[in-house]
Amino acid sequence: MGRIVIDPVTRIEGHLKVEAITERGVVKEARCSGLLFRGIELILQGRDPRDASRITQRICGVCPTAHAVASALALDDAFGIAEQVPPNGRVMRNLILGSNFVQSHLLHFYHLAALDYVDVASAAGYSGSDERLRQVAAFISRGQLAPFFPRYEGDYRLPKAANLAAVSHYVEALDRRREAQEMLSIFGGKMPHQMGTFPGGALEVVTVDKIAAFRWRLQRLREFVDHVYIPDVLAVAGTYADYLEMGRGPARYLSYGAWDQDAEPDPSRRSRSLPGGTLDGGRMVYEPLDPEKITEQVKHSWYNTGTDLPPSLGKTEPEPDKLGAYSFLKAPRYGGEVHEVGPLARMLVAYAQDHPEVKPLVDGALTELRAGPEALFSVMGRHAARALECKAIADAMAGWVLELTPGEPACAQFEVPETGSGMGLTEAPRGSLGHWIEIEDGVIANYQAVVPTTWNCSPRDDRGQPGACEQALEGATVRDPENPLELMRIVRSFDPCLACAIHLITPKGHEISHFRVV
Amino acid sequence: MEARAPKLFVGVGNVLSGDDGVGVRAAELMMSLPLTPDVEVFEAGTALLELAGILELRERVVVVDAIDAGAEPGQVFRLLPEQIRPQDSLPLSLHQLGLLHALDETYLRGRAPGEVVILAVQVGDLSGRMKLSPAVKASLPKLLETTVSELGLDLDIRDCLPVPRLESESRR
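From first to last, the protein sequence lines are chains A and B.
To convert, count from 1 in the first sequence and add 1376; that's the numbering used here.
Under the numbering used here, the second sequence has 147 at position 153, and the numbering climbs by one with no breaks.
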């Protein structure tokens, strides 16, 4: 029996430790531990509720935008102004969040996941006519491989030409991703930590110039998604077809739904571009979303609070010495069951409802991969779903931006109430995101955020059921324990993102020149 | 392409994690100084990857970040990017990888900045709160003075920093 520890697993986003216990090369048991305690809920107590959508963005540098939107939705609800959000405000929120999704999905595939499948080093010595590949070759010749490493060696199977093309696209994606961030900043004011979303709507003034500036960037992005991103992902999925069978997970999927299409005050009745609900993948049964089924269990988490509570009643009191616990993540469950969240969950929930845009996209990809829907419950299914969703959102934004009306208001007037409670459910690039707020005496009395990676990388729950990622790892075959690339690929397919809570330079083993300032 | 200031100050860190936010606090202070148009101040927060476009084609960049080098809280280290490049397989600091990744991106696009200097402040308290520990807070004036000199600015910060508003703690 061997034990493989991968730590840290995300190249840039946060700190997650994965332990896998293997027997004759097969994972028998896996444990995902979030090693950072997030004190965000405690920080918010006693503050002005309007601060929440600013402060919660700081939870993470990779998907701050979704936190701002979830928070604004929770405050709309708590202030009783959800139905007063003007169309301009609703649409700008959608464009801000949509731009964030597009850039995040491009980032995840090209700059994190693809490096597991595309051999960037193959561009070394390139002297052909592709300017981008020449840049990569020059970069490698300087001895700087850092963005492409550390990686686990071996198993690069793409044909040479496809591999080189993907490396070139890696560089091109840098530009496209930047344009997506520029799109976000057009309506968000700035990036990172945009200022556009706010309770009651959005703060930017709609002008014809902003609409035009958004549209031309979006057009270029859509071309890239259609002609580069989706073909690259399907090429990787076809070449690594065994990963259409690996990393299945619980095969139960949850989406809160996102991109409001009206100002219905009851969030469960609000029309959304991507619908909320659950899909039991084993039986392909869809059910509409019931937020009351969301609870958080803490038997195996370093918290001393009551277990199986709805998030609105949740508390965040750490107990780092707790027996049997192994994570600072709680174990969120829906109806007591483990659910996977993220692009795959959103695409499957929409697919199960015959969503007019999503259904043909998914069917088209499955035809190309010569696979049935169950092949989506896999590592490659997650990557494919992410790319298809990127297209669905980019295409939808082209319509939304034309709904903006220059000169019309974008934000409702409101006053902060003395008491109130609110729930904001939306989707982040990595999955379902919920914020819950309680207001007393005009300040925040309690604030709880249940984030996507808490769903996907949760520890075991009260009944001992492993979390989604833990389940996806169990049964995986590891050919070389010194180089467990199969497990890396499974974990990365979830696009995990823990809070970027502690950031330090650790100059290990260096003689550093320094001078004392203090 | 808009004209950009040749000198850039970048503050990075997470204001929700105590002293890790020192770079952001430094950026706030920098923004309050009477700077000439050849200097730009950018508050990156935790979004290090977004830095690439900001770093491109600058002549001189000063980054303020947090560090845990086991020194006295508030001590400031002057580092060059190559000194923080991880030498062994997996770097411990993903945040730092973010900055280096952004720098690498500028090289990949052939638009790397000239000199990059990192002023790294030894942290004391990283617990979840939005304020700096006294030792790190006390290091700010000297840190700013160093920053101003690293950027080659003709500015006496003692004339411009009366009582800086360092925390946004409200209604506690």
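Built from N, CA and C at the ideal position, the CB exists for glycine as well.
Predicted model, so just to flag it, every value in this text is computed and none were measured.
Burial state of residue i, where buried means 16 or more other Cβ atoms lie within 10 Å
i         : result
B/Pro67   : buried
A/Arg1892 : Below a pLDDT of 50, predicted positions are generally treated as unreliable, and A/Arg1892, at 27, falls in that range; no measurement from the model is reported.
A/Leu1699 : exposed
B/Met25   : exposed
A/Met1559 : buried
B/Gln81   : For B/Gln81, the predicted structure reports a pLDDT of 42, less than 50, and the residue's modelled location is therefore unreliable. A value from the coordinates is still provided. It is exposed - the Cβ of B/Gln81 has fewer than 16 other Cβ atoms within 10 Å.
A/Asp1608 : buried
A/Lys1706 : buried
A/Val1402 : exposed
A/Val1581 : exposed
A/Trp1776 : buried
B/Ser11   : buried
B/Leu74   : exposed
A/Val1660 : First, the amino acid is wrong: residue 1660 of chain A is Met here, not Val. The residue in question, A/Met1660, is exposed, as its Cβ has fewer than 16 Cβ neighbours within 10 Å.
Residue i (DSSP reduced to helix, strand or coil)
i         : result
A/Lys1536 : helix
B/Ala106  : coil
A/Ile1606 : helix
B/Glu34   : strand
A/Pro1883 : Residue placement at A/Pro1883 is flagged as unreliable, the pLDDT there being 30, under the threshold of 50; the coordinate-derived value follows with that caveat. If DSSP states are grouped into helix, strand and coil, A/Pro1883 belongs with coil.
A/Pro1440 : helix
A/Gln1595 : helix
A/Leu1630 : strand
B/Ile112  : strand
B/Gln90   : Per-residue confidence for B/Gln90 stands at a pLDDT of 40, beneath the threshold of 50, marking its modelled position as unreliable; the derived number appears in the next sentence. Note: B/Gln90 maps to helix in three-state DSSP.
B/His28   : Correcting the residue identity first, residue 28 of chain B is Pro in this sequence and not His. Correct three-state label for B/Pro28: coil.
A/Arg1317 : Since the first residue shown for chain A is 1377 and the last is 1894, residue 1317 of chain A is missing from the structure and cannot be characterised.
A/Phe1574 : strand
A/Cys1876 : Its pLDDT being 26, under 50, A/Cys1876 is placed unreliably by the model, and the measurement read from it follows with that caveat. Three-state result, A/Cys1876: coil.
B/Pro85   : Residue confidence for B/Pro85 is low, a pLDDT of 33 falling below 50, so the modelled location carries little weight; the figure read from the coordinates is stated next. Looking at B/Pro85 - three-state DSSP - the assignment turns out to be coil, as it is neither helix nor strand.
A/Gly1653 : strand
A/Tyr1702 : coil
A/Ser1561 : helix
A/Pro1687 : helix
B/Ser121  : coil
B/Ser11   : coil
A/Ser1544 : helix
B/Glu161  : Unreliable placement is indicated for B/Glu161, whose pLDDT of 47 sits below 50; the coordinate value is still reported in the next sentence. Reduced to three states, the DSSP call for B/Glu161 is coil.
A/Pro1694 : strand
B/Thr100  : helix
A/Tyr1727 : helix
A/Ser1503 : coil
Residue i, enclosing beta strand (DSSP E) - first and last residue
i         : result
A/Arg1645 : Premise fails: A/Arg1645 is in no beta strand (DSSP E) and is neither H nor E.
A/Gln1673 : 1670 to 1673
B/Lys1    : 1 to 6
A/Val1717 : Counting along the chain, A/Val1717 falls outside any beta strand (DSSP E), and DSSP gives it neither H nor E.
A/Asp1636 : 1634 to 1636
A/Glu1663 : 1661 to 1663
A/Lys1393 : 1392 to 1399
A/Glu1405 : 1402 to 1410
A/Pro1708 : 1707 to 1710
Host alpha helix (DSSP H) of residue i (start-end)
i         : result
A/Cys1845 : 1844 to 1849
B/Lys136  : 134 to 144
B/Gly153  : The residue asked about is misnamed: residue 153 of chain B is Asp in this sequence, not Gly. B/Asp153 -> alpha helix (DSSP H) spans 151 to 154.
A/Gly1474 : 1463 to 1482
A/Ile1416 : 1416 to 1420
A/Glu1507 : 1507 to 1517
A/Arg1868 : 1861 to 1869
Point to revise | Runs of alpha helix (DSSP H) wholly within the stretch 1780 to 1841 of chain A (minimum 4 residues, chain order) | key: 1828 to 1832
Practice item. For the stretch 0 to 8 of chain B and the stretch 1397 to 1412 of chain A, state whether three or more C-beta atom pairs, one from each stretch, are separated by less than 8 Å. Key: no
Point to revise | alpha helix (DSSP H) runs contained entirely in the stretch 1740 to 1785 of chain A, provided each spans 4 or more residues | key: 1755 to 1776
Review point. Can at least three beta-carbon pairs, one atom from the stretch 1422 to 1442 of chain A and one from the stretch 1451 to 1465 of chain A, be found at a separation below 8 Å?
Key: yes
Check your understanding: Are at least three pairs of beta-carbons, each pair with one atom in the stretch 1780 to 1790 of chain A and one in the stretch 1738 to 1745 of chain A, less than 8 Å apart?
Key -> no
Practice item. Pair every Cβ in the stretch 1865 to 1873 of chain A with every Cβ in the stretch 1481 to 1492 of chain A, then say whether three or more of these pairs are closer than 8 Å. Key: yes
Practice item. Pair every Cβ in the stretch 1665 to 1680 of chain A with every Cβ in the stretch 1823 to 1839 of chain A, then say whether three or more of these pairs are closer than 8 Å. Key: yes
Review point. For the stretch 34 to 82 of chain B, which segments carrying the alpha helix (DSSP H) assignment without a break, of at least 4 residues, lie completely within its bounds, in sequence order?
Key: 45 to 49
**Study point:** Contact the stretch 1506 to 1520 of chain A vs the stretch 1583 to 1592 of chain A: 3+ CB pairs below 8 Å
**Key:** no
Check your understanding: Does the pairing of the stretch 131 to 144 of chain B with the stretch 55 to 72 of chain B give three or more beta-carbon distances under 8 Å?
Key -> yes
Check your understanding: When the Cβ atoms of the stretch 1849 to 1866 of chain A are set against those of the stretch 1467 to 1480 of chain A, are three or more pairs found closer than 8 Å?
Key -> no
Practice item. Take every Cβ of the stretch 1761 to 1774 of chain A, pair it with every Cβ of the stretch 1597 to 1609 of chain A, and state whether three or more of those distances are shorter than 8 Å. Key: yes
Check your understanding: Looking at C-beta atoms only, is the number of pairs between the stretch 1652 to 1670 of chain A and the stretch 1690 to 1697 of chain A that lie closer than 8 Å three or more?
Key -> no
Point to revise | Stretch-stretch touch, CB-based, cutoff 8 Å, three pairs: the stretch 110 to 130 of chain B with the stretch 53 to 60 of chain B | key: yes
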